[in-house]
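Numbering (this note's numbering), first residue to last: 2 to 186.
We put the CB at the ideal spot given by N, CA and C, even for glycine.
Predicted model only: the values in this text are computed from it and were never measured.
Below: one structure, written as structure tokens.
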Ligand SMILES: NC(=O)c1ccc[n+]([C@@H]2O[C@H](COP(=O)([O-])OP(=O)(O)OC[C@H]3O[C@@H](n4cnc5c(N)ncnc54)[C@H](OP(=O)(O)O)[C@@H]3O)[C@@H](O)[C@H]2O)c1
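So this is what it looks like as structure tokens:
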């Protein structure tokens, strides 16, 4: 039976495939206006988001979004201490579908928004992966978008998992900032 969920990844990376610097901080150069708008629009259409403990997006409607927050600190699923729309989730113990159903999300687009471990976890499941690049930024020893980077490029990893690139959309040619959406045909 086909899944009722459409799994979409959203990431912006440096030229060397990093999400954040070595301290886990996203430098200002990774915040590209067009990409921020694309990211917000994408999540506004999502039924829920899934991310690791350090990766929540900061958008006007973030508080309204159902979300699963991955952590080893719970056995299976547990209420979030302060966000009634969120559940803490242990991916090793509970399928993400069970977590979504516990949030009353029974179908629709699910935004996967990082970090490294969570982007890696969903590699076999992405229907779409929206990979933006800030081509003039380099973050040696940074946090990679997938665990396989930098041994492999992000593109190689997506290809390895059966995704194919769409056309390049340029956000800002001066900053060499662009987006490619990869899809599973
Ligand atoms: N450029 C981008 O597009 C982008 C996207 C996402 C994040 N970021 C940035 O990257 C930085 C680094 O993020 P991060 O590497 O710290 O990632 P993260 O995934 O947000 O947080 C890591 C934590 O999430 C939990 N976690 C992750 N995978 C898990 C798994 N398989 N099972 C159970 N728990 C799991 C663990 O929490 P516990 O320690 O509680 O077990 C882990 O310590 C963030 O600060 C964010 O700003 C950038």
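With a cut-off of 8 Å on the beta carbons, I'd call residue 146 and residue 14 a contact; round off their distance for me.
Residue 146 sits at position 145 when you count from the first residue of the chain shown. Residue 14 sits at position 13 when you count from the first residue of the chain shown. That belief holds up - the Cβ atoms of residue 146 and residue 14 are roughly 5 Å apart, short of 8 Å.
So what does DSSP say about residue 130, is it helix, strand or coil?
Along the chain shown, read from residue 1 onward, the residue named residue 130 stands at position 129. Strand, per DSSP.
Is the stretch 161 to 176 in contact with the stretch 41 to 51, if contact means three or more CB pairs nearer than 8 Å?
No contact exists between the stretch 161 to 176 and the stretch 41 to 51.
Compare the C-alpha of residue 156 against each of 36, 64, 184 and name the closest.
Taking the chain shown and counting its residues from 1, the one referred to as residue 156 is at position 155. Of 36, 64, 184, the residue nearest in Cα terms is 184.
For residue 88, list the residues DSSP reports as bridge partners.
Here residue 88 refers to the residue found at position 87 when the chain shown is read from its first residue. Partner(s): 69, 80.
At 3 residues or longer, and completely inside the stretch 10 to 49: list those beta strand (DSSP E) runs for me, N to C.
Here the runs fully enclosed are 19 to 21.
Do residue 84 and residue 72 have their C-beta atoms within less than 9 Å of each other?
Taking the chain shown and counting its residues from 1, the one referred to as residue 84 is at position 83. Taking the chain shown and counting its residues from 1, the one referred to as residue 72 is at position 71. Not closer than 9 Å, so no.
Going by DSSP, what residue range makes up the alpha helix (DSSP H) through residue 117?
Here residue 117 refers to the residue found at position 116 of the chain shown. Where residue 117 is concerned, the enclosing alpha helix (DSSP H) stretches over 117 to 122.
Span of the alpha helix (DSSP H) holding residue 160?
Working through the chain shown from its first residue, we reach residue 160 at position 159. It spans 155 to 161 - the alpha helix (DSSP H) in which residue 160 sits, taken as one unbroken run.
Which one of 158, 140, 176 has the shortest CA to CA distance from residue 17?
In the chain shown, residue 17 corresponds to position 16, counting from 1. Checking every option, the nearest Cα to that of residue 17 belongs to 140.
Rounded to whole angstroms, what's the CA-CA distance from residue 62 to residue 118? Just pull it up for me.
As a first step, residue 62 must be located in the chain shown, where it is residue number 61. As a first step, residue 118 must be located in the chain shown, where it is residue number 117. For residue 62 and residue 118, the distance between alpha carbons rounds to 25 Å.
Three Cβ pairs or more, each shorter than 8 Å: is that satisfied between the stretch 99 to 107 and the stretch 118 to 128?
The stretch 99 to 107 is not in contact with the stretch 118 to 128.
Between 116, 178, 182, which lies nearest to residue 150 when the distance is taken from Cα to Cα?
Here residue 150 refers to the residue found at position 149 when the chain shown is read from its first residue. With distances taken between Cα atoms, residue 150 lies closest to 116.
Does residue 87 pass the burial test, meaning 16 or more other C-beta atoms within 10 Å, or should it be called exposed?
Here residue 87 corresponds to residue number 86 of the chain shown, with the count starting at 1. Buried is the call here.
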